[in-house]
Structures are given as structure tokens and as C-alpha cells.
Amino acid sequence: MLDIAAVTGSTAAIGYGLAAIGPGVGVGLIFAAYIQSTARQPEAARITQPFMWIGFAVVEVLALLGIAFGFIWAG
Amino acid sequence: MTGQTIVLAEGTPYWPPSVHDFYAPSIAPWGADGLHNPWITRITVMLWLSVAIIILYFLLSYRKPQLVPSKKQWLAESIYGFVRNNIAVDMLGTRDGVRFAPYLATLFTFVFVMNLWGIIPFFQISPNSHIAFPAVLAVLSYILFIYQGVKRHGAGYFKHALILPAPWFIQPILIPIEFFSTFIVRPFSLAVRLFANMFAGHMLLLVFTLGGFAMINANALLSPVSVLSWVMTVLLTFLDFAVIALQAYVFTVLTASYIQGSLADGH
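Line by line, the protein sequences are chains A and B. For the first sequence, counting from 1, position 19 maps to 19 in the numbering used here; every step adds exactly one. Take any residue in the second sequence, count from 1 to its spot, add 1000: that is its number in the numbering used here.
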């Protein structure tokens, strides 16, 4: 079979790009929700802030697992 | 970093950066065969320095406390006050918050100083980009929250942690999920989060610094772009500072939240 196009390099780069989509959307949703709740009720900003960071950290770890496993299984 | 710069100056581009850039050579006076004797490296020295800086700074600034604080005392009190009021008391309530404030404040300053080495010139690698350091901190938090839970609730802690108020037929699914997320994922994700942030931060700086060298050696068209690459390095250093402060905060907040979960009565 004739090769029409060929790319060299690590597929881990493509894999990480795909893996970052989900956490990207998730982190965006978390900050959107925080901004919205703060706009509706500004005095709740201090109360909900730690929970925003916890949610952010929990979602962010997925993207970071992508980085770590990308290097582990880069091959 | 300096070692790579010398290699690059000799005209052999060291590209792309890889995991091997994270292994610092040995600086012990004995056993000079580099990588095979990695017991005392720059990373180890940074760990000792971090501990020494934190102990000395807090000892010196609290030695003669005054009602109208000096600048040093003010900064030390602000750091402790921030962790005590904004993390410990907010998450754990007044009584338990004050009890756990010393540990959380120590954790926060230690993680912060260890991370900060990642952007300090001539060091520019955080010890936390080796997973051993975050792993030990995560194990400490793990032991702490389980110990506190057992101390507060006795053996009932595990029932309290695993069985949520839900219909009985959903429990066979719920209990394994709760076990997995509380006792397996928590320490693992604490360690990996801090490690991967520092690893990725250092890797980004390496990509843009070494990318500049690779392009300046490549051809006339790409040489000017290398300046852009180094400007990006400076900007990313500022971004890295934000990540450093955030990760120290997140690690402390998560530990506080796990302790809070262990101490809570019922659901």
C-alpha cells in the first residue's frame, strides 16, 4: 500500500491533546459556576471559594495524570 | 541547566528535553561517578535549605514578638494567619481549626518553599518534581486523616466513611466506589497533582529555553524566533509562580477537607 502521508514522532503528544479536552471543559465549568454564583450573591464569595479550589484540583488532576502517563508510556 | 547550556554551546543541540533532565548529578565528594551515586544531589541540598530557611525564618521573626510588629514579624504572622483563618478555621470550624492550624501552616510553607525552587535563578528545578517528595507528604496526610477519623469515631469510622445514606440496593455499587475514592485515589491524587504540576512547569521552561537554543542553531529564518521563545520563558516563569502558590494552597485545603470529612458527625 502506498503511503500518502507519514508523520514521525510520539503519539503521546496527540494522546495528551485528546486527554486535555475533558479537564479543560471541566475546569471551565467550575470557574463559570463560581463566577455566576458570585455575581448572583457577592457575599457568598468567601464561603464558596475553598470548594471552588477543591473542585478545580479534583478535575485538574485528570489533565496532570495525562502528562505523567504520557511520559511513562511514551515508548 | 548549566550542564545543558555547555553542551549546547559546543554545537550539539540537546533536543527535545526528556525525563532524564530531571536527574541531577551527584555532588557528594565521594563516589564521583555521577548518576550511579544519586544520594546527595542538588535536589537534596534544596530540601535541606528549605527546611533550614523555614525554621530560621519563623524562629527569628517570632523571637521578640511585639505588639506593633516589625516587617518580618508581620509577614510571618500573615502567613500563619492566612492558613489558620482562611484554611483551617474556614474548613474545620473554630475548635478543630485552631488545633490543626500548626500542621497545616507547616505543610503550606514547606510545599510553597519547595515549589519555589522551581523559579529561583540558578536552581530552577523544584524538588517536588521528583515524586518521592509529594508521595511522602501525601502519605502523611493519609495517615493523619485516617488516624483522626478512628480517634473520633472508633472502628465506626470506616462505616461512617464507606456507607452513605442511600437505598440498600444501591450500596453494593456505592461502597466499592466510596472505598476506591477515599482510601486509594485520595493519597495517589494528592501526590500526583503536586508532582505533575512541578514536573510540567519545569518541562515547559525547558522546552522554551532549549527550543530557543535549538532554533538559533538551526537556520537564519528561525534564529529571530528564538528570542520570542526566550521571552515566552520569562512569561511562563510568572505563570509558574501562580501555579506554585496555587498548588501549595490546594494541597493544604485538600488535607484540611479530608480531615474535616473524618471529623464530621454523620452525613
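Virtual Cβ for every residue (Gly too), placed ideally from N, Cα, C. Predicted model only: the values in this text are computed from it and were never measured.
Worksheet item: Does DSSP classify S1262(B) as helix, strand or coil?
Response: Start at 1 with the first residue of the second sequence, and residue 1262(B) comes out as number 262. Helix.
Item to complete: Using three-state DSSP, classify S10(A) as helix, strand or coil.
Response: Counting from 1 along the first sequence, the entry for residue 10(A) is found at position 10. In the structure shown, S10(A) sits in coil (DSSP, three-state: anything other than H, G, I, E or B).
Worksheet entry | Residue-level contact to chain A via CB, Y1249(B), 8 Å cutoff | For the purposes of this step, residue 1249(B) is identified with residue 249 of the second sequence, where counting begins at 1. So, interface residue.
Discussion item. As an exercise, report each continuous beta strand (DSSP E) stretch of at least 3 residues that is fully enclosed by the region 1183 to 1222 of chain B, in chain order.
Written reply: none
Fill in: Where the alpha helix (DSSP H) through K1071(B) begins and ends
By 1-based counting over the second sequence, the position of residue 1071(B) is 71. Element bounds for K1071(B): 1071 to 1081.
Discussion item. Considering Cα atoms alone, identify which of T1109(B), F1183(B), T1044(B), S1223(B) is closest to L1144(B).
Written reply: If you number the second sequence from 1, residue 1144(B) lands on position 144. The option with the nearest alpha carbon to L1144(B) is F1183(B).
Worksheet item: Using the beta-carbon count (16 or more within 10 Å), is E60(A) buried or exposed?
Response: Taking the first sequence and counting its residues from 1, one reaches residue 60(A) at position 60. Flag for E60(A) reads buried.
Worksheet item: Roughly how many whole angstroms lie between the Cα atoms of F1082(B) and D1096(B)?
Response: Here residue 1082(B) corresponds to residue number 82 of the second sequence, with the count starting at 1. Here residue 1096(B) corresponds to residue number 96 of the second sequence, with the count starting at 1. F1082(B) and D1096(B): Cα-Cα distance of roughly 16 Å.
Fill in: Rounded C-alpha distance that separates V76(A) from I21(A)
Any answer about residue 76(A) is impossible in this case: the structure gives chain A only from 1 up to 75.
Worksheet item: Looking at chain A, which residues of the region 1082 to 1107 of chain B have a Cβ within less than 9 Å of any of its Cβ atoms?
Response: N1086, I1087, D1090, M1091
Worksheet item: Given a threshold of 16 other Cβ atoms within 10 Å of its Cβ, counted over all protein chains shown, does L1190(B) qualify as buried or as exposed?
Response: Position 190 of the second sequence, counting from 1, holds the residue named residue 1190(B). Counting Cβ neighbours within 10 Å, L1190(B) comes out buried, since at least 16 surround it.
Practice prompt. Can you check the region 51 to 75 of chain A for any alpha helix (DSSP H) of at least 4 residues that lies completely inside it and give the ranges in chain order?
Written response: none
Practice prompt. Grab me the residues of T1109(B)'s own chain with a C-beta within less than 6 Å of its C-beta, minus the 5 sequence neighbours each way, in chain order.
Written response: Taking the first residue of the second sequence as 1, we reach residue 1109(B) at position 109. Hits under 6 Å: I1054.
Worksheet item: So is F1199(B) in contact with chain A if we call contact Cβ pairs under 8 Å?
Response: Position 199 of the second sequence holds residue 1199(B). So yes, F1199(B) belongs to the interface.
Discussion item. With a threshold of 8 Å between beta-carbons, can V1192(B) be considered close to chain A, or not?
Written reply: On the second sequence, position 192 is the one that residue 1192(B) refers to. It does: the Cβ of V1192(B) has a partner Cβ on chain A nearer than 8 Å.
Item to complete: List the residues of chain A whose Cβ lies closer than 8 Å to the Cβ of L1254(B), in chain order.
Response: Taking the first residue of the second sequence as position 1, residue 1254(B) is located at position 254. Here the neighbours are I54, A57.
Discussion item. Against S1126(B), what residues of chain A qualify as contacts under a CB-to-CB distance less than 9 Å, listed in chain order?
Written reply: One-based indexing of the second sequence puts residue 1126(B) at position 126. The contacting residues do not exist; S1126(B) stays about 14 Å from chain A at best.
Fill in: chain B residues whose Cβ lies nearer than 9 Å to that of P50(A)
In the first sequence, the residue the question calls residue 50(A) occupies position 50. Under the 9 Å cutoff, chain B gives N1086, I1087, D1090, M1091, V1253, A1256, S1257.
Practice prompt. Using a Cβ-Cβ cut-off of 8 Å, state whether A1161(B) counts as contacting chain A.
Written response: Residue mapping note: residue 1161(B) aligns to position 161 of the second sequence, counting from 1. Chain A contact via Cβ: absent.
Item to complete: Consider the Cβ of I67(A): report whether some Cβ of chain B lies at a distance smaller than 8 Å.
Response: For the purposes of this step, residue 67(A) is identified with residue 67 of the first sequence, where counting begins at 1. So yes, I67(A) belongs to the interface.
Item to complete: Find the nearest neighbour of L1140(B) within the set R1186(B), D1021(B), S1181(B), A1028(B), judged by alpha-carbon distance.
Response: The residue labelled residue 1140(B) in the question sits at position 140 within the second sequence. The shortest Cα separation from L1140(B) among R1186(B), D1021(B), S1181(B), A1028(B) belongs to R1186(B).
Worksheet item: If you measure from the beta carbon of L64(A) to each beta carbon in chain B, is any gap under 8 Å?
Response: As a working note, residue 64(A) is residue 64 in the first sequence. For L64(A), the answer is yes, since a Cβ of chain B falls inside 8 Å of its Cβ.
Worksheet entry | T1041(B) - partner residues in DSSP beta bridges | Stepping through the second sequence from its first residue, residue 1041(B) is reached at position 41. Beta-bridge pairing links T1041(B) to S1026(B).
Discussion item. Check whether the region 1112 to 1122 of chain B and the region 1222 to 1241 of chain B are in contact - that is, three or more C-beta pairs closer than 8 Å.
Written reply: yes
Discussion item. Using only CA atoms, which one of W1015(B), I1040(B), S1078(B) lies nearest to I1027(B)?
Written reply: Within the second sequence, numbered from 1, the residue matching residue 1027(B) stands at position 27. Among W1015(B), I1040(B), S1078(B), the Cα nearest to that of I1027(B) belongs to I1040(B).
Worksheet item: Does the region 1198 to 1217 of chain B touch the region 64 to 75 of chain A, meaning 3 or more C-beta pairs lie closer than 8 Å?
Response: yes
Item to complete: Could you give the DSSP three-state label for V1068(B): helix, strand or coil?
Response: Within the second sequence, residue 1068(B) is the residue found at index 68, counting from 1. Of the three classes helix, strand and coil, the one that applies to V1068(B) here is coil, per DSSP.
Worksheet item: Distance, Cα to Cα, L1075(B) vs G1154(B)?
Response: Residue mapping note: residue 1075(B) aligns to position 75 of the second sequence, counting from 1. Residue mapping note: residue 1154(B) aligns to position 154 of the second sequence, counting from 1. So the alpha carbons of these two residues sit roughly 40 Å apart.
Discussion item. According to DSSP, simplified to helix, strand and coil, what is F1122(B)?
Written reply: Counted from its first residue, the second sequence places residue 1122(B) at position 122. DSSP places F1122(B) in coil when its eight states are reduced to three.
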